[in-house]
Amino acid sequence: MTDGNQTSDTSPDASVSDGFEGYKFRMVLLGEAAVGKSSLLRRYTENTFDEEYKQTIGTTFATKDVDVTDSEGEVRKVRLNIWDMGGQSTYRELRRQFMKGASAAIIIYDVTRPETFMAMNNWFESFKEVCPDSPVLIGANKVDLVDKRMVPAQPGKMLRDWFQSEYFETSAKTGDAVIDVFSRTAEIVLAKALSESKSPMM
Ligand SMILES: Nc1nc2c(ncn2[C@@H]2O[C@H](COP(=O)(O)OP(=O)(O)OP(=O)(O)O)[C@@H](O)[C@H]2O)c(=O)[nH]1
Ligand SMILES: [Mg+2]
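Position 153 of the sequence shown, counted from 1, bears residue number 273 in my numbering, the numbering being contiguous throughout.
So, in structure tokens, the structure goes:
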């Protein structure tokens with residue numbers, strides 16, 4: 121997973137010129153262990169899925185370039201550096217470092233395990249503490265497991281309103297809404313950057 125389709129050897133946050141002309145954003149995937157963070161990232165960047173659970177130790181990232189149409193209809197090149205952290209990483213300072221400088225977060229829960237939904241607020245609060253101005257999106261993952269589903273859409277939508285966020289029902293397994301949640305994140309961070317008129321090569 122450390123080498124997604126566009127990964128470079130240097131830190132993706134490095135300001136060295138890598139030939140990419142466009143907007144670069146660092147975003148993070150958050151949520152409890154085994155909710156499907158790495159699977160969603162793998163589905164998005166490699167279009168594959170693995171049933172076997174391989175816990176993420178520490179952090180990994182992958183990069184994806186997307187074309188985003190801005191509010192004026194202009195197509196902009198956006199590079200998403202998507203960071204993924206093992207949900208078992210409980211060390212607070214490590215989490216803070218991981219979140220620092222993120223333009224957005226997708227916070228994910230597993231619709232078959234209510235405890236992962238109950239933990240959403242903690243993830244939200246700790247992200248907002250580090251990145252108060254960065255938007256959050258919600259991923260209700262594993263919606264393919266219809267018979268095992270325990271958390272219906274309604275509480276997810278309540279959370280969306282509470283977080284002033286957007287809500288997506290995803291499946292890393294089938295690919296449902298996976299492109300949608302990442303594309304929407306790219307749209308939101310780009311719109312925010314344009315409205316703050318940041319330089320394209322920040
Ligand atoms: N059926 C189904 N299984 C999924 C889905 N997403 C992930 N899984 C499975 O759930 C398990 C955990 O997925 P991971 O992507 O490793 O979860 P994670 O959030 O990265 O876990 P940590 O790295 O420990 O924090 C794996 O066995 C995946 O195959 C999904 O949408 N549907
Ligand atoms: Mg993982």
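Glycine included, C-beta positions come from ideal geometry on N, C-alpha and C.
May I ask you to check if the CB of residue i is nearer than 7 Å to at least one heavy atom of ligand 1?
i: Val-271; result: no
i: Asn-261; result: yes
i: Ala-225; result: no
i: Asp-264; result: yes
i: Asp-170; result: yes
i: Tyr-173; result: yes
i: Gln-208; result: yes
i: Ser-246; result: no
i: Val-155; result: yes
Below 8 Å on the Cβ atoms is my contact criterion, and I expect residue i with residue j to pass it. Report the Cβ-Cβ distance as a whole number of Å.
i: Ser-291; j: Asn-261; result: 7 Å
i: Asp-190; j: Ala-311; result: 7 Å
i: Leu-150; j: Ile-227; result: 5 Å
i: Ser-158; j: Gly-178; result: The Cβ separation is near 12 Å, so there is no contact.
Within its chain, find whatever has a CB closer than 7 Å to the CB of residue i; leave out the 5 residues flanking it on each side and keep chain order.
i: Val-186; result: Val-198, Leu-200, Ser-303, Ala-306
i: Phe-140; result: Arg-199
i: Gly-276; result: Ile-258, Ala-260, Tyr-287
i: Ser-223; result: Phe-145, Arg-146, Met-147, Ser-254, Val-309
i: Leu-314; result: Asp-190
i: Asp-300; result: Phe-288
i: Val-250; result: Arg-216, Met-219, Lys-220
i: Asp-298; result: Residue identity differs from the one stated: residue 298 is Val in this sequence, not Asp. Leu-160, Arg-163, Tyr-164, Thr-290, Ala-292, listed in sequence order.
i: Gly-156; result: Ile-228, Asp-230, Asn-261, Lys-262, Ala-292
i: Arg-280; result: Ile-258, Glu-286, Tyr-287
Does the distance from the CB of residue i to the CB of residue j come in under 8 Å?
i: Met-219; j: Tyr-229; result: no
i: Asp-267; j: Lys-293; result: no
i: Met-270; j: Arg-216; result: no
i: Gly-142; j: Arg-212; result: no
i: Ala-273; j: Phe-247; result: no
Could you tell me which residues DSSP pairs with residue i in its beta bridges?
i: Lys-144; result: Arg-199
i: Asp-253; result: For Asp-253, which the question treats as bridged, DSSP gives no partner whatsoever.
i: Gly-259; result: Ile-228, Phe-288
i: Glu-189; result: Here residue 189 is Thr; the residue named in the question, Glu, does not match the sequence. Val-195.
i: Ala-306; result: In the DSSP output, where bridge partners are listed per residue, Ala-306 has none listed.
i: Leu-326; result: Outside the modelled stretch of the chain, which goes from 121 to 322, sits residue 326, for which no answer is possible.
i: Arg-182; result: Reading off the sequence shown, one finds Ala at residue 182, where the question assumed Arg. Answer is Ile-202.
To which residues of the same chain is residue i closer than 6 Å at the C-beta, ignoring the five residues directly before and after it?
i: Glu-152; result: Gly-207, Thr-236, Ala-239
i: Leu-214; result: none
i: Phe-283; result: Phe-244, Val-256
i: Ser-317; result: none
i: Ala-134; result: Because Ala-134 sits at a pLDDT of 44, beneath the cut-off of 50, its placement in the model cannot be relied upon, and the following sentence gives the value as read from the coordinates. The answer is none, since no qualifying residue turns up.
If you drop the 5 nearest sequence neighbours on each side, which residues of the same chain put their C-beta closer than 8 Å to that of residue i?
i: Asp-296; result: Val-263, Asp-264, Glu-289, Thr-290
i: Glu-172; result: none
i: Thr-168; result: Arg-162
Hey, is residue i close to ligand 2, as in C-beta under 7 Å from one of its heavy atoms?
i: Lys-197; result: no
i: Thr-176; result: yes
i: Asp-204; result: yes
i: Ser-291; result: no
i: Ser-191; result: no
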